[in-house]
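Novice: Pasting a structure below so you can have a look.
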Amino acid sequence: MVLSLKIVHDTFLKQQPVPSQKIENEEDKVWVKKGRELELHSWVDLKEEKSYLRVALTKDEFNGKNTWYVYEPHVEVWDDDKQLFPKKISIKVRNVTSCSTEVVRGLDKQIIDEMNRLIPNVLISFDDLDVELGPAVWAMLQPAAKRALERAIQDRGVPMVINSAYRTIAQQLVLYNHYRNRRCGIPIAARPSRSNHQSGLAIDISDYLSWRPYLQKYGWRWLGWGDPVHFDYVGGRTRDIRSLAVRAFQRVWNRYNINDRIAEDGSYGPSTERRLNNSFSEGFSISVPPKTESDKSIQFRVLRLSQPYMKGEDVRAIQQALAKAGYSLEPDGVYGPGSEGVVKQFQEQNGLDVDGVVGPATRAKMGL
Numbered sequence: 001m002v003l004s005l006k007i008v009h010d011t012f013l014k015q016q017p018v019p020s021q022k023i024e025n026e027e028d029k030v031w032v033k034k035g036r037e038l039e040l041h042s043w044v045d046l047k048e049e050k051s052y053l054r055v056a057l058t059k060d061e062f063n064g065k066n067t068w069y070v071y072e073p074h075v076e077v078w079d080d081d082k083q084l085f086p087k088k089i090s091i092k093v094r095n096v097t098s099c100s101t102e103v104v105r106g107l108d109k110q111i112i113d114e115m116n117r118l119i120p121n122v123l124i125s126f127d128d129l130d131v132e133l134g135p136a137v138w139a140m141l142q143p144a145a146k147r148a149l150e151r152a153i154q155d156r157g158v159p160m161v162i163n164s165a166y167r168t169i170a171q172q173l174v175l176y177n178h179y180r181n182r183r184c185g186i187p188i189a190a191r192p193s194r195s196n197h198q199s200g201l202a203i204d205i206s207d208y209l210s211w212r213p214y215l216q217k218y219g220w221r222w223l224g225w226g227d228p229v230h231f232d233y234v235g236g237r238t239r240d241i242r243s244l245a246v247r248a249f250q251r252v253w254n255r256y257n258i259n260d261r262i263a264e265d266g267s268y269g270p271s272t273e274r275r276l277n278n279s280f281s282e283g284f285s286i287s288v289p290p291k292t293e294s295d296k297s298i299q300f301r302v303l304r305l306s307q308p309y310m311k312g313e314d315v316r317a318i319q320q321a322l323a324k325a326g327y328s329l330e331p332d333g334v335y336g337p338g339s340e341g342v343v344k345q346f347q348e349q350n351g352l353d354v355d356g357v358v359g360p361a362t363r364a365k366m367g368l
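Each residue of the sequence shown is one higher than the last, beginning at 1 in the UniProt record's numbering.
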């Protein structure tokens, strides 16, 4: 067993579970770049310290110290090829009942990455500012809005508690579904692509009356008593990115669903909403490591009955797993009506959604 800490976003390792700006001793914080992997001795998810892990490295790699705190959304913990943290949740967006939108974070990341692929740095992180964030908050804004936020925080000189900032269309659909189904006490929610939070120019904060003059000084508009926690940046040098977010999702969907493609037009209609609801909260595609040197890594797609039929080694691997489990079918690498029927039998017998779609939850039950 080899425990490792994977850095998935540029971040600080810290000696206290607080924003890095509060740590005066430079020896007590270390900047670590995205992509680095550190060997762990142990780790703890600190429930009492919101949004932080405590990690013990196997070596005194930084300033002679091996125990550090790290911000949860910036890291993953792995045991060899098994992800321990954050735990993967295999559920379709339409089936999310949790009141927190954190559950769709994997899908969120794919959408945001695609947006920045289409227009580089259209959204940038502001978690390097003196802010305190909840676990579901995406600390992303358009560059001009971040600069204005930074000036306001510097002027007041205290941390800002942010409860919502950029919200992906997946998060917004979760909230919209809750609203339509009268869940989580949500009195009203905009359809995806219509919320101000999808502009990259909006924040919801605590202590809003104290922050109001500082934010307004730098181009942030208070929405008023109808939504007193909400501020929109109106200071200029911005763009409307809401259709970009929709187009980004459409491109991601098409990349992993080549037999069920949709128009990449940035328009949010019934076709796009149906696909977004049928997307898995953890995102698309996982790569299964080879079990032997001679095996090739299989890139799994979400499999479904389509015209033409889906074909490939991922289909064959599913069929072989079903045949090994005692189901009657020929592993021919073609996902046709026969394969769909057997998958439905498997799903029914294993307490899964019986839809004939092979996604992460069905693969997990198969041991893939």
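All residues carry an ideal CB built from backbone N, CA and C; glycine is no exception.
Spatial neighbours of aspartate 295 within its chain, please: C-beta separation below 7 Å, excluding the five flanking residues on both sides.
Specialist: As a position in the sequence shown, residue 295 is number 295, starting the count at 1. Summary for aspartate 295: the model assigns pLDDT 41, below 50, so the residue's position carries little reliability; its value from the coordinates is reported in the next sentence. Around aspartate 295: no qualifying Cβ.
Novice: Quick one: is asparagine 278 buried, meaning 16 or more other Cβ sit within 10 Å of its Cβ, or exposed?
Specialist: For this step, residue 278 is matched to residue 278 along the sequence shown. By the neighbour-count rule (16 or more Cβ atoms within 10 Å), asparagine 278 is buried.
Novice: Contact check, isoleucine 205 vs methionine 140 under 8 Å by CB: the rounded distance?
Specialist: On the sequence shown, position 205 is the one that residue 205 refers to. On the sequence shown, position 140 is the one that residue 140 refers to. Contact doesn't hold; Cβ gap of about 15 Å is too wide.
Novice: If contacts are defined as beta-carbon pairs under 8 Å, then valine 342 and leucine 329 qualify, I think. What distance do you get, rounded to the angstrom?
Specialist: As a working note, residue 342 is residue 342 in the sequence shown. As a working note, residue 329 is residue 329 in the sequence shown. Correct: roughly 5 Å between the Cβ atoms.
Novice: CA-CA distance, threonine 362 and valine 354?
Specialist: Residue 362 sits at position 362 when you count from the first residue of the sequence shown. Residue 354 sits at position 354 when you count from the first residue of the sequence shown. Each residue's Cα considered, the two are about 10 Å apart.
Novice: Are arginine 182 and tyrosine 256 close, meaning C-beta to C-beta below 7 Å?
Specialist: Numbered from 1 along the sequence shown, position 182 holds the residue referred to as residue 182. Numbered from 1 along the sequence shown, position 256 holds the residue referred to as residue 256. Contact flag unset, no.
Novice: Apply the 10 Å Cβ neighbour rule to aspartate 108 and answer buried if 16 or more other Cβ atoms are within range, or exposed otherwise.
Specialist: Start at 1 with the first residue of the sequence shown, and residue 108 comes out as number 108. By the neighbour-count rule (16 or more Cβ atoms within 10 Å), aspartate 108 is buried.
Novice: Pair every Cβ in the region 230-237 with every Cβ in the region 195-212, then say whether three or more of these pairs are closer than 8 Å.
Specialist: As far as the Cβ criterion goes, the region 230-237 touches the region 195-212, which means the pair count is three or higher.
Novice: Considering just the uninterrupted stretch of the beta strand (DSSP E) at asparagine 163, what are its terminal residues?
Specialist: Reading the sequence shown from its first residue, position 163 is the one you call residue 163. Looking at the DSSP string, the run of the beta strand (DSSP E) that includes asparagine 163 is 160-164.
Novice: Return helix, strand or coil for phenylalanine 85, following the three-state DSSP convention.
Specialist: By one-based count along the sequence shown, residue 85 stands at place 85. Looking at phenylalanine 85 - three-state DSSP - the assignment turns out to be strand.
Novice: Can you give me the start and stop residues for the alpha helix (DSSP H) that serine 210 sits inside?
Specialist: Locating residue 210 in the sequence shown gives position 210, where the first residue counts as 1. Note, serine 210: alpha helix (DSSP H), 208-217.
Novice: Under 8 Å Cβ to Cβ from alanine 321, same chain only, skipping five residues before and after it: list those, please.
Specialist: Sequence index remark: in the sequence shown, residue 321 carries index 321 (1-based). The answer, listed in chain order, is Met366, Gly367, Leu368.
Novice: Nearest by alpha-carbon distance to aspartate 155: which of Arg191, Ser125, Tyr218 is it?
Specialist: By 1-based counting over the sequence shown, the position of residue 155 is 155. Residue Tyr218 is the option with its Cα nearest to aspartate 155.
Novice: Per DSSP, aspartate 45 is paired with what?
Specialist: Here residue 45 is taken as the residue at index 45 of the sequence shown, counted from 1. Paired residues: Leu53.
Novice: Helix, strand or coil for alanine 321 per DSSP?
Specialist: Start at 1 with the first residue of the sequence shown, and residue 321 comes out as number 321. Note: alanine 321 maps to helix in three-state DSSP.
Novice: Going by Cα to Cα distance, which pick from Val70, Pro86, Ser100, Asn63 is closest to valine 77?
Specialist: Counted from its first residue, the sequence shown places residue 77 at position 77. Checked all of Val70, Pro86, Ser100, Asn63; the closest Cα to valine 77 is Pro86.
Novice: So, are the CB atoms of valine 44 and threonine 11 less than 7 Å apart?
Specialist: Reading the sequence shown from its first residue, position 44 is the one you call residue 44. Reading the sequence shown from its first residue, position 11 is the one you call residue 11. Contact flag unset, no.
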